[in-house]
Amino acid sequence: MPTVRQCSFCGKEIPPATGLMYVRNDGSILWFCSNKCRKSMLKLHRDPKKLKWTKAYIGGK
1 MPTVRQCSFC GKEIPPATGL MYVRNDGSIL WFCSNKCRKS MLKLHRDPKK LKWTKAYIGG
61 K
């Protein structure tokens, strides 16, 4: 049975046969559900805790 992965940026579950796997030079693997998540993490260096649409979002002040 294929495994369900979790997006490395937003925390959303990725259905089998979808998403993007990114392998860093050190061998660590990052899974992304969309190009929006991939670009936010790798190109724009955004913090998922500051974005309302991620599961890691911390609301408050």
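When we follow UniProt numbering, the leftmost residue of the sequence shown carries the number 1, and every step to the right adds one. All C-beta atoms in this analysis are idealised placements derived from N, C-alpha and C, irrespective of residue type, glycine included.
- Contact annotation, GLY11 with PHE32: C-beta distance approximately 11 Å; criterion of less than 8 Å not satisfied.
- Distance from the CA atom of ARG38 to the CA atom of GLY59, rounded to whole angstroms, is 23 Å.
- Per the C-alpha coordinates, the member of LEU42, THR3 and LEU51 positioned closest to TYR22 is LEU42.
- For MET21, the enclosing beta strand (DSSP E) covers residues 20 to 23.
- One Cα belongs to ALA56, the other to ARG46, and the distance between them is close to 12 Å.
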